[in-house]
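> What follows is a single structure, and I will ask about it in a moment.
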Amino acid sequence: MINSVSTSTSKTRNNSDDPRDISALSKLPFGKLVSGWIAFAFCSSPTWVDISEGLYNVVSKIPIVSSITHVFVMRTFFNQFLGGETTQDCIPKIKALRDDQVGTLLGYNIEAELDGSSKDPRLIHTQVKHVIASIEAQGRLGKGFCPDTATFSGDNRSWVRIKVTGLLPHPVALLHGSNSILKARASKGLDKDVPHPGLPHDGDWEAALNGVDAADREQLVDLRATMETIAKKARENNVRIVIDAEQSWYQPVIDSLTDELMQKYNRLDGGPATCIASFQAYLRRYPQLLDQQLRRAEEKGYKLLFKQIRGAYMVTEASNWKGKEGLGPVWPTKSETDASYNYGIEKTLSVVADQVKTTGSSTIGAIFATHNSFSIDLGIKLLEKHGLAKRRASDNKLIVSNEVAGSIAFAQIYGMKDDLTNRIRGSVATESGFPLVVKSMSYGDLKECLPFLARRATENKAVLEGRGGAAAERIRLGREIRRRLVPFVS
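All residue numbers for the sequence shown refer to UniProt numbering, where the first residue is 1 and numbers rise by one.
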């Protein structure tokens, strides 16, 4: 199914001399360059990555040293990778990105521990408040950025990200509910040829509720009510919400919730679509999942919105599957993951093109979230190949029509791979300046965000050490710093 897709993505392209990136770097404040260089210098060291969280916890308890450490971390790592501590802190950065035709996916930075341990219920209330605040802030900004969203399939590129495991006190209820769903599917003979965790089906949510005890059922019912509250608020503010994918053992319940919310809030006859699913290409089920979701949306009459990522939990997925029979849920090699991801790009853009040719618009909205330059190049190439973008004679830039713009976006994490973001902006644009690339921006209190950042750095250590990771980012910023200093030191 995915063998036709090139897997040459194992190499990393050097974009350090890309004039589009050089031009963007030249506009950054010198202080931002230096703080970013320091952050990536630390991230380039696997030793620092391994000890970062523990070291911070130790020094934060030492008088005076803790204050110095706090200032250092805030001005380097925090400033580089996060939007701020509150939504208000993020607004200037969101506006600056929009001035450069870059949208934002805003998210409050808290989630469940990887072991599914319980949280104080007060934290859940705080999390929901932050999600609502994010939606309201993005709604206000979106109205100013894009008053007429109907032109772009109801989108304004002012989105909010949701972590389901952060919305209930006892995430183990997700595990129990997911296991109940898998048992119910097996009893019906479903997904026999689909890798774990299978595909969403009608009746999954009822299976989750019927297969757990009263305490878990209460957790799941409350979670559903919370998600409904968030989705309604998002629709009121014309903000799209991205429901993040998580570990595969939680995914059946998350898939079920997302599927039901899309059917309700993305109806073709029900106003602007609101809910965006997240699909992980590193799961072996992904090609089958994408094909099924495209069919399902067409059959049930809703707009399929999804964010396609490679996946963030490879280490924990492998550890969790140890001792179990058969292949695990994740592709065993990077080349297979790359092929799966690129299959998603090819399949999606082909379907979008067919719909646009037939009806003049598309019922699909896809976000290709990736830090892989070959996948980016493939997506841009296919936009032109399928007639979704045309070359502008004056500057040879690809131009996407407003009708198509609402169906396609690329995305990178805020503070990372800005060279790719700049290359996308310099290669393809819309008729009106509507963003085709989005930055995923997290915010939150430093004490809450640091463990998250340390955990992500550890999960992606192999990427950070690679040629296209933190070392390349450090070299890229260092080159611009030297360029500015040369006149003063020569």
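For every residue, glycine included, the Cβ atom is placed at its ideal position computed from N, Cα and C.
Alpha carbon to alpha carbon, how far is Ala-409 from Thr-421?
C-alpha separation (whole angstroms): 11 Å.
> Please report the distance separating the alpha-carbon of Ser-44 from that of Glu-299.
48 Å
> Please specify which runs of the alpha helix (DSSP H), each continuous and at least 4 residues long, are wholly inside the segment 304 to 329, giving them in chain order.
Considered as a whole, the segment 304 to 329 harbours 314 to 321 as its complete alpha helix (DSSP H) runs of no fewer than 4 residues, in chain order.
> Just the Cα atoms here: how many angstroms apart are Glu-246 and Ser-373?
Across the structure, Glu-246 and Ser-373 are spaced so that their CA atoms are roughly 24 Å apart.
> With DSSP as the reference, please indicate the residues paired to Phe-279 in a beta bridge.
Under DSSP, the beta-bridge partners assigned to Phe-279 are Gln-308.
> Would you give the residue range spanned by the beta strand (DSSP E) that Met-416 belongs to?
No beta strand (DSSP E) contains Met-416, which DSSP labels as neither H nor E.
> Confirm, please, whether the CB-CB distance from Ile-345 to Ser-305 is below 8 Å.
The amino acid occupying residue 305 in the given sequence is Leu; Ser does not appear at that position. No, these two residues do not count as a Cβ contact at 8 Å.
> Note down, one range per segment and in chain order, each alpha helix (DSSP H) of at least 4 residues found wholly within the segment 169 to 197.
172 to 187
> To the nearest angstrom, how far is it from the Cα of Ala-186 to the Cα of Leu-283?
19 Å
> How many angstroms separate the CA atom of Ala-215 from the CA atom of Leu-175?
13 Å
> Between Trp-37 and the rest of its own chain, which residues show a CB-CB distance below 7 Å, the 5 nearest in sequence each way excluded?
Arg-474, Leu-477, Gly-478 and Ile-481
> Does the beta-carbon of Thr-348 have 16 or more other beta-carbons within 10 angstroms, so that it is buried, or is it exposed?
buried
> Where do the N-terminal and C-terminal ends of the alpha helix (DSSP H) with Ser-256 fall, by residue?
Start and end: 251 to 265.
> Between which residues of its own chain and Thr-337 is the CB-CB distance below 7 Å, once the five residues before and five after are set aside?
If we look at Thr-337 and ignore the five residues flanking it on each side, its Cβ neighbours are Ala-281, Tyr-282, Arg-310 and Trp-331.
> Between His-125, Val-128 and Ser-278, which lies nearest to Pro-200 when the distance is taken from Cα to Cα?
Ranking the options by Cα distance to Pro-200, first place goes to Ser-278.
> Determine the contact status of Val-437 and Ala-389, defining contact as a CB-CB distance below 8 Å.
If you check the CB distance, Val-437 and Ala-389 do not come in under 8 Å.
> Give the single residue among Leu-485, Gly-469 and Leu-446 whose Cα lies nearest to the Cα of residue 498.
In the structure as shown, the chain starts at 1 and stops at 490, and residue 498 therefore has no counterpart that could be examined.
> Leaving out five residues on either side along the sequence, give the residues of the same chain with a beta carbon under 6 Å from the beta carbon of Val-194.
Scanning its chain for C-beta atoms nearer than 6 Å, with the 5 sequence neighbours on each side dropped, one finds around Val-194 the residues Arg-285 and Gln-288, in chain order.
> Grab me the residues of Ala-24's own chain with a C-beta within less than 6 Å of its C-beta, minus the 5 sequence neighbours each way, in chain order.
Leaving aside the five residues that flank Ala-24 on each side, the residues in its chain whose CB is nearer than 6 Å to its CB run, in chain order, Asn-422.
> Residues in the same chain with beta-carbon distance under 7 Å from Lys-417, minus the five sequence neighbours each way, listed in chain order, please.
Closer than 7 Å at the Cβ level, and outside the excluded window around Lys-417, lie His-371.
> By alpha-carbon positions, which one of His-386, Asp-204 and Glu-236 ends up nearest to Val-352?
His-386
> Ala-208 lies in the alpha helix (DSSP H); which residues open and close that run?
204 to 210
> Nearest-angstrom Cα distance between Glu-403 and Asp-148?
13 Å
> Between the segment 205 to 224 and the segment 126 to 143, can you find at least three pairs of beta-carbon atoms closer than 8 Å?
no
> If we count the other Cβ atoms within 10 Å of its Cβ and call it buried at 16 or more, is Val-49 buried or exposed?
buried
> CA-CA distance, Ser-407 and Phe-368?
11 Å
> Run the CB neighbour count on Arg-484, radius 10 Å, all protein chains shown included, and call it buried at 16 or more, exposed below.
exposed
> Note down the Cα distance separating Gly-166 from Gln-251, rounded to an integer number of angstroms.
14 Å
> Can the beta-carbon of Ser-375 be found closer than 8 Å to that of Tyr-341?
yes
> With contact counted as at least three CB pairs below 8 Å, one residue from each stretch, are the segment 126 to 134 and the segment 168 to 183 in contact?
no
> Look up Gly-271 in the DSSP assignment and say whether it is helix, strand or coil.
coil
> Between which two residues does the beta strand (DSSP E) holding Thr-104 run?
102 to 108
> Report the three-state DSSP secondary structure of Ser-407 (helix, strand or coil).
coil
> Is it buried or exposed for Thr-430, if we count other Cβ within 10 angstroms and need 16 for buried?
buried
> With a 10 Å radius around its C-beta and 16 neighbouring C-beta atoms as the bar for buried, classify Gly-301 as buried or exposed.
Exposed is the call here.
> DSSP three-state label for Thr-86, please.
coil
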